[in-house]
Structures are given as structure tokens and as C-alpha cells.
Amino acid sequence: MSHEPFETLAAVYAAGALDGDDLAQFEAHLPGCAECQAAVREAQDTLARAMLSARPQTPLPAVREALVRRVERTRGAGRRAWLTWAAATAVVAAVAAGFTATWVAVRYEARLGQMARETAAVKERLARNEAALQEQVALYRGAVELLRDPATRVVDLRGQGTAASASGRMIWNDAGGGHLFVAGLPPAPAGKTYALWTISGGTPRAAGLFGVDASGRSAHRIAPEVARGAVGVFAVTLEPEGGTPAPTGPIVLASK
Amino acid sequence: MGTPGGDLIRVMAAGDRDAFARFYDRYAPLVFPFVLRIVRDRADAADVLQDVFWEAWRGAAAYDSARGTPEAWIITRARTRAIDRVRAVRRRGETFVAPVDEATVGAPTPPGGDAAVRAEERQLVASALAQLSQAQREIIELAYYSGLTQREIAERLEQPLGTVKTRIRLALARLREAVTPT
Ligand SMILES: [Zn+2]
């Protein structure tokens, strides 16, 4: 069979109208044919651009407001739940003493300088990317400030289970919240997200959801409101998207 | 090289709520007329829009720029959700929604529809589609807006299946010229 019929099928497939034997045949062919994959991508992009070319109309502000509220609720929205899960890991932590706060501060200040340079380089290229970097700069700056408080602790987290090679560092202040820096964590599978928990007295408290970038890194800010009382243990689990009130998934990172 | 939309999706995937707001502000005014064109009711269109952008927020981590543009990513969701909505409304029979395909091929619009929507009908037809011939536009609308398959289109238009397939391909080729900046 020549390839030409597939080129027609690719167009019909992209338009969402392929059915019957044609569909079965094309779906069997598509995974192994870069040409058809490109044709489908291009046709879908053409359709998208065409469909989005009508005169723009801003929907009612209520739609935006409802969405923004809903999105706000997806993070750090865990309710209190008391699971025996925590008992296994809830040992009151000895603060990891491998690094003094001052030494760590120097490291983060160096990183700050590097990020400022990156920011300058990116500025011309893309304003939005810059905004994302600026947010990261703000995050590092917050971490450095936190480190200047003598009450701030630096706690190392170790990879667990399948994420044994991952590592994390929590800069934590019982009054001021904290910053979690993670490296070596695989991107969460589709439909999943990483969840941070603070555990005190055997009780896990949701401390926010986060993803990692392509290189397995993440920097996650924990708001002061989350820091209520002395935290003993920090743990990261893999949870369904949107979070859960109490940890349910495997532990990927935990402090001692 | 990232696109602004792709960068927004990546930042969104990291849980950045501001990025979501920017993504919404950028794409909602473009997606809304498209959804409205399919569901033909403002309240339904608003519901669908909410579902689409909520899914975009939740599914941002799964976006793969190698598999398609941000525009294709969002419009594919919007199309699926909008067609689902039309079918659900028809099934429930709560509201009579004029089948989009009938309206576009010139059948009389039944009474009781949303007058404002009818009045805006012309503006809702994507401007790139307006550059197709009547027959080409019809076939793209039957497939893309009404969600009919090639066989259903062939029956509707009383044309051989092969002809329908070829016409879709030719219409897409013409559409590509229409959306390609010169
Ligand atoms: Zn092929």
C-alpha cells in the first residue's frame, strides 16, 4: 500500500472525523510513522489557529473569578486528618547538623547572583519567562532572609523507596514558614503531584503541592500560616492531583 | 524554543497560580467564541469554558510541546467538552439546542434559541473559515463543530465516503494557507 492514502487519513483524523476501519488502520500506522505524526500535528495546529481566529470575546468576569478561586483552593488546602501513617515516621527530628545555616546562606546568595544574571539574559527574550525567574529570585531571597533568623533550622530530607537518589533541604522556621529545595525527583506521573507534609506529634499537616521541572528540581515556599507549632518531621509523598487531606501515597522524601 | 503559551503551561505545571491567570487571560477570549459557536448558549458556554480551563490547570504537567502547540492543546479540550455538552443537552431534552450543522447549512433556525447568539452568528464564524468556499466550510464545520464522523458526513451530504475524505483533506490544505501569515 502506498503512503498516499495515509496522508488523507491524517487530515480526517486531525479533524476528529475518522471512524471504522480507517480509524483502526490509521491508529495502527501512526505510532511508527513520523511523517503522519507531523501531518497530524500540523493539521491540528491549522485547525486550532483557524478556530481561534474569530473576533475575541471576553467571557463574563464571574467565570474567571470562579476559576481563580478554585485554583487557589488546590494548593495547601489539606484539612486536618489524623492517620496512623504518621506514627511510623514521626520521630521528633534532631536537626540535621551537616550544614550550618550561615554556610547555606552563602550558597544561596551565590545562587541568587547567578539567577540575577540569568534574569538579565532572559529579559530580552521573553517577558513571561522573566516573570517566572523573578518569582524564583524572590523565593531564594526569602530563603536567605529566613536563614538570618537564628531560630531557623536547616533540615535535610533523604530520598525513599524508588526515589532513593532524590534529596531535599528544608529551611524551616517554626514562626516564619519555610522553603523546600528538592533535587533528583522524577517528574510526577500524569494525574499525580508531590505533596509536602509537616508532622508534629505524629500528626501530618498538609504543607502544599508541588511539581518538579524537567531536571527533577523544585523550590517550594511554605507559608507562615502552615507553621503552627514545632515541626518534627518533614515528608513528601506522591498524591493524586489536587491533593488529599491526609497522606495516602508512597513517601519519596523524608527527614530523619 | 518555547512559545509564550508553552512557557505559561510549564510554569502552570509547577503550580503557579499567576501563570494560570495569565494563561486564562490570553486564551479565554479566543476559546470562548469557539465554544459559544458549538453550544450556542452563553450559560452553557461559560460552564464549558470553566471545565476546559480547570482541566488545563490540572493537566498542565502532561503538556508536551513536541506533540502539539498550546493552541491545539487547548482547542482540542474545548472541542471535546463543547460537543459533549451539546450531546448531553440534547439527550436530557431540557433545552432545545439547534444542531449547529443544520444552522450552518442553511436550515431554518428553530424558534426559542438564544436571540443574542443568533445575532452574533456572523461574528462567531472564525475569520479563517470565512476564507473557505461554502462547501469547504460546510465540511469542516460538520466535522469540527458538530462532531460528525466521515461516515455520518457522507450520509448527511449524500456523497461517497472517499469524496468526503478528500474534501476534508483539501479543505484543511486551504485552511492552512488561510492561517499562514504571508
Ligand atoms: Zn504515515
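Chains as they are written, first to last, in our numbering: chain A, 924 to 1179; chain B, 333 to 514. Note that beta-carbon positions come from the ideal geometry of N, C-alpha and C, so glycine has one too. Since this is a predicted model, take the numbers as computed values, not measurements.
- Query: Who are the Cβ neighbours of Asp379 (chain B) in its own chain at under 8 Å, not counting the five residues just before and after it?
  - Reply: Arg417
- Message: Please classify Thr931 (chain A) as buried or exposed, where buried requires at least 16 neighbouring CB atoms within 10 angstroms.
- Response: buried
- Query: Going along chain A in order, which residues have a C-beta closer than 8 Å to the C-beta of Pro365 (chain B)?
  - Reply: Per Cβ cutoff of 8 Å: Ala977, Arg978, Pro979, Gln980.
- What residues in the segment 375-390 of chain B bring their beta carbon closer than 7 Å to a beta carbon of chain A? Ala378, Leu381, Gln382, Phe385, Trp386, Trp389, Arg390
- Query: In whole angstroms, what is the alpha-carbon distance linking Arg488 (chain B) and Tyr356 (chain B)?
  - Reply: 37 Å
- Nearest residue (CA-CA) to Ala1177 (chain A), options A:Asp1072, A:Gly1131, A:Ala1087, A:Leu990: A:Ala1087
- Query: Is any heavy atom in ligand 1 found nearer than 6 Å to the beta carbon of Glu1164 (chain A)?
  - Reply: With a cut-off of 6 Å, the C-beta of Glu1164 (chain A) is classified as distant from ligand 1, since no heavy atom of the ligand falls inside that distance.
- Could you name the residues whose beta carbon sits closer than 6 Å to any heavy atom belonging to ligand 1, keeping them in chain order? A:His926, A:Phe929, A:His952, A:Cys956, A:Glu958, A:Cys959
- Gly337 (chain B) versus Ile370 (chain B) - alpha carbon distance: 24 Å
- Alpha carbon of Asp365 (chain B) to alpha carbon of Thr981 (chain A), nearest angstrom: Per the sequence shown, residue 365 (chain B) should be read as Pro rather than Asp. Taking the straight line from one Cα to the other gives about 9 Å.
- Task: Check the C-beta distance from Met974 (chain A) over to Ile500 (chain B) and give it rounded, since I have them as a contact under 8 Å.
- Result: Between Ile500 (chain B) and Met974 (chain A) the Cβ distance is about 15 Å, and since that is not below 8 Å, they are no contact.
- Task: Drop a sphere of 10 angstroms on the beta-carbon of Asp944 (chain A), count the other beta-carbons inside from all chains shown, and report buried for 16 or more, exposed for fewer.
- Result: exposed
- Message: Counting only Cβ pairs nearer than 9 Å, list the residues of chain B close to Phe1133 (chain A).
- Response: Ala346, Gly347
- Which stretch, first to last residue, makes up the alpha helix (DSSP H) that contains Tyr387 (chain B)? For the sequence presented, residue 387 (chain B) should be read as Glu rather than Tyr. Run containing Glu387 (chain B): 374-391, per the alpha helix (DSSP H) assignment.
- Message: Using only CA atoms, which one of A:Glu965, A:Ala1089, A:Val1154, A:Ala977 lies nearest to Ser1180 (chain A)?
- Response: Only positions 924 to 1179 of chain A appear in this structure, which leaves residue 1180 (chain A) out of reach.
- Run through the segment 946-992 of chain A for me and flag every whole alpha helix (DSSP H) of 4 or more residues, listed as ranges in chain order. 957-974
- Measure the alpha-carbon distance for Phe1157 (chain A) versus Gln967 (chain A) and round it to whole angstroms. 45 Å
- Query: Where does Glu490 (chain B) sit, in a helix, a strand or coil, going by DSSP?
  - Reply: coil
- Message: Assuming contact is defined by CB atoms lying nearer than 7 Å, are Arg409 (chain B) and Val384 (chain B) in contact in what I supplied?
- Response: yes
- Message: Under 8 Å: do the segment 1115-1131 of chain A and the segment 1166-1173 of chain A share three or more Cβ pairs, one atom per stretch?
- Response: yes
- May I ask you to list the residues that DSSP assigns as paired with Ala937 (chain A)? According to DSSP, Ala937 (chain A) bridges with nothing at all.
- Query: If you pair each beta-carbon of the segment 982-998 of chain A with each one of the segment 384-399 of chain B, do three or more pairs fall below 8 Å?
  - Reply: yes
- Message: Check whether chain B comes within 7 Å of Asp1072 (chain A), counting only Cβ atoms and requiring the distance to be less than that.
- Response: no
- Query: Can you tell me where the beta strand (DSSP E) with Gly1131 (chain A) in it begins and where it stops?
  - Reply: 1126-1133
- Give the range of the beta strand (DSSP E) segment to which Val1156 (chain A) is assigned. 1156-1163
- Query: What is the rounded straight-line gap between the Cα of Val1175 (chain A) and the Cα of Val935 (chain A)?
  - Reply: Their backbone Cα atoms lie some 44 Å apart in a straight line.
- With 7 Å as the threshold, decide whether the Cβ of Gly338 (chain B) is near any Cβ in chain A. no
- Task: Check the Cβ-Cβ distances between Glu509 (chain B) and every residue of chain A, and say whether any is below 7 Å.
- Result: no
- Using a beta-carbon distance below 7 Å, is Arg1064 (chain A) in contact with chain B? no
- Message: Is there a C-beta anywhere in chain A that falls below 7 Å from the one on Glu403 (chain B)?
- Response: yes
- Identify every residue that forms a DSSP beta bridge with Arg1076 (chain A). Under DSSP, the beta-bridge partners assigned to Arg1076 (chain A) are A:Trp1095.
- Query: Where do the ends of the beta strand (DSSP E) carrying Arg1144 (chain A) lie?
  - Reply: Per DSSP, Arg1144 (chain A) belongs to the beta strand (DSSP E) from 1141-1145.
- Message: I'd like to check one pair, Ala940 (chain A) with Thr481 (chain B): are the Cβ atoms closer than 7 Å?
- Response: yes
- Message: Does the CB of Leu990 (chain A) have a neighbour CB from chain B at under 7 Å?
- Response: yes
- Query: When you compare only the Cα positions, how much space is there between Arg483 (chain B) and Ala1142 (chain A)?
  - Reply: 52 Å
- Query: With a cut-off of 7 Å, does the C-beta of Arg419 (chain B) fall near any C-beta of chain A?
  - Reply: no
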